[in-house]
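Report on the following structure.
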Amino acid sequence: MYGSLTDEPDHASTSCSPFPCGPLSRLTTKHHIRAEMFDFFSEYETERVVVVQSKMLGISYRLFQLVIIAYFVGWVFIYEKGYQCKSDLISSVNIKLKGIALIDVHNLGPQLLDDADYVFPTQGDSSFVVMTNFLVTPNQMQGTCAELPDKHSCNNDTDCIRGETSPPRHGVMTGRCIPYNNKIKTCEVDAWCPVENDTNTPNPAMLLKAENFTLLIKNSISFPEFNVTRRNLVESVTNDYLENCNYHTETDPLCPIFRLGYIVSESRQQFASLALEGGTLGIIIEWQCDLDWDIKFCKPIYRFVRLDNPQYRVSKGFNFRYARYYTENNVTRRNLYKIFGIRFDVMVSGEAGKFDIIPTMTTIGSGIGIFGVATLVCDLMLLHVIPKRKYYKQKKFKCAQQTDKDDSNLACNNFQKDNEENVKSESSAAK
1 MYGSLTDEPD HASTSCSPFP CGPLSRLTTK HHIRAEMFDF FSEYETERVV VVQSKMLGIS
61 YRLFQLVIIA YFVGWVFIYE KGYQCKSDLI SSVNIKLKGI ALIDVHNLGP QLLDDADYVF
121 PTQGDSSFVV MTNFLVTPNQ MQGTCAELPD KHSCNNDTDC IRGETSPPRH GVMTGRCIPY
181 NNKIKTCEVD AWCPVENDTN TPNPAMLLKA ENFTLLIKNS ISFPEFNVTR RNLVESVTND
241 YLENCNYHTE TDPLCPIFRL GYIVSESRQQ FASLALEGGT LGIIIEWQCD LDWDIKFCKP
301 IYRFVRLDNP QYRVSKGFNF RYARYYTENN VTRRNLYKIF GIRFDVMVSG EAGKFDIIPT
361 MTTIGSGIGI FGVATLVCDL MLLHVIPKRK YYKQKKFKCA QQTDKDDSNL ACNNFQKDNE
421 ENVKSESSAA K
């Protein structure tokens, strides 16, 4: 009824194994599922604990735990403040420069320069340039004139292609080859004439007095996560203090007025060499605020660094061109300046932290989890390093016998046999 009685195998019946087919199979399956569910809800599993009497393992285990506790308490909790919620800042920077210099400019005579003349842009952005050197090409007007010899020399008109404007020429070629001087001919160009000749940079720099110019930085920050605002003009900075202070890392670390020469020296540069062809410096304002304390302890830290590489051979330094236009006899003219200067980039970074229960519990939970590393390392030493590792392996692991003599049972017997032989050998050695 449930299977064939003939000697021939019944494929339909054997395909139903391991349970008989038909109504009985459904009853057996239900009984099996019910038994599994009963075992699931009525059994409790726990680990087997082996106490190993070993000074080496005991000391190693406690040392590992001590290192983990020191790391967790010292680094994670105290240094990294893992119990705090963090907030990044948003920032605004405004600058003002002060200083006056009287210099003698070739072709222009004595010139008095103030902050409206040597600061670009003049409105006080977080990135600005202080002019330290310049070349001037005065009284330019639009017309035709000879190009510079190093731009396009010629022998006749066929060497000058009319209408060509490719750089580095100063204008549009007219198609004529004209004398530049008594010895050289160059192509005629339609340009601002006379064309600029920037081959001879003034040395020393013309505005070395800029070393003593002063820079006022006003920095406002906000931590939106905690609704906290702050300025670098902290409580100790008063009007009387601002009239006399200049920033110094040791004597006046909170003064917001900086002498340009001091910024350059703190960037490990020489002002005279930097002023000659220009460069880029970074003024870094860092805020690290612990809002678990009073807000007055939230103070800025200033650092200075040169951002460009002075060892570059191509296009080194910092320069740009600037023109001042005027009208003379109804003709528009200009003075063209090639300006070399120090570019300052004011960069603000930092964060604030405040106690919060969620990161505190998360940090504690991760610290508890790290304790498992000590157990893992000591288990590896117990089972694979120390001399009596086979003996301890027998005590730590229990081999469950199976009813059928298969490969697993054979492996289990071999495991027990190896352990017994190892225990006997160790006992005889001890005697």
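Going by UniProt numbering, 154 is the number at position 154 of the sequence shown; the sequence numbering is gapless.
Note that beta-carbon positions come from the ideal geometry of N, C-alpha and C, so glycine has one too.
Quick caveat: nothing in here was measured; it's all calculated off a predicted structure.
(message) Using the three-state DSSP reduction, which class does P359 fall into: helix, strand or coil?
(response) helix
(request) Flag this pair as touching only if the segment 186-193 and the segment 64-78 have three or more C-beta atom pairs under 8 Å; answer yes or no. (result) no
(request) Name the residue from K185, L274, C289 whose alpha carbon lies nearest to the alpha carbon of M206. (result) L274
(request) Closer than 8 Å by C-beta to S127: which residues in its own chain qualify, once you throw out the five before and the five after it? Chain order, please. (result) R343, F344, D345, V346
(request) Would you mind sorting W287 into buried or exposed? The rule is 16 or more other CB atoms within 10 Å of its CB. (result) buried
(request) Give me whichever residues DSSP pairs with W192 in a beta bridge. (result) Q142
(request) Give the DSSP-derived three-state secondary structure of D198 in the structure shown. (result) coil
(message) With distance defined between alpha-carbon atoms, name the residue in V377, T186, A323 nearest to D150.
(response) T186
(message) Pull the bridge partners of G341 from the DSSP assignment, please.
(response) M131
(request) From the DSSP output, read off the bridge partner residues of G353. (result) K86, D290
(message) What does the alpha-carbon distance come out to for the pair D159 and A272?
(response) 43 Å
(message) If I measure Cβ to Cβ from R231 and keep anything under 6 Å in the same chain, skipping five residues before and after, which residues do I get?
(response) S220
(request) Over the uninterrupted alpha helix (DSSP H) stretch that includes residue 434, give me the two end residues. (result) Outside the displayed span of the chain (1 to 431) sits residue 434, for which this structure offers no information.
(request) Report yes if the C-beta distance between V305 and G282 is below 7 Å; otherwise report no. (result) yes
(request) Could you give the DSSP three-state label for C177: helix, strand or coil? (result) strand
(request) Buried or exposed for I78, please, with buried defined as at least 16 other CB atoms from any protein chain shown within 10 angstroms of its CB. (result) exposed
(message) Please tell me whether, using a cut-off of 6 Å, the distance from the CB of I78 to the nearest non-hydrogen atom of the ligand ZN is below it.
(response) Of ligands this structure carries none, so the ligand ZN is not represented either.
(request) If I'm right that N227 touches G99 with Cβ under 8 Å, what's the distance once you round it to whole angstroms? (result) Incorrect: roughly 39 Å between the Cβ atoms, too far for contact.
(request) Just mark Q142 as buried or exposed, buried being the case when its beta carbon has 16 or more other beta carbons within 10 Å. (result) exposed
(message) Measuring only the C-alpha atoms, how far is G261 from G109?
(response) 27 Å
(message) Going by DSSP, what residue range makes up the beta strand (DSSP E) through A116?
(response) A116 -> not in any beta strand (DSSP E); alpha helix (DSSP H) instead, spanning 115-118.
(request) Check the C-beta distance from T322 over to I339 and give it rounded, since I have them as a contact under 8 Å. (result) Per the sequence shown, the amino acid found at residue 322 is Tyr instead of Thr. Right, the Cβ-Cβ distance comes to about 6 Å (below 8 Å), so this counts as a contact.
(message) Within the continuous beta strand (DSSP E) that includes S220, where are the two ends?
(response) 214-223
(request) Under 7 Å Cβ to Cβ from H31, same chain only, skipping five residues before and after it: list those, please. (result) none
(request) Leaving aside the five residues before and after H248 along the sequence, list all residues of the same chain whose C-beta is less than 6 Å from its C-beta, in chain order. (result) none
(request) Would you list the one or two residues that DSSP bridges to P300? (result) W287
(request) Would you kindly check if the distance between the Cβ of V93 and the Cβ of N335 is under 7 Å? (result) no
(request) Would you kindly check if the distance between the Cβ of Q84 and the Cβ of G372 is under 7 Å? (result) no
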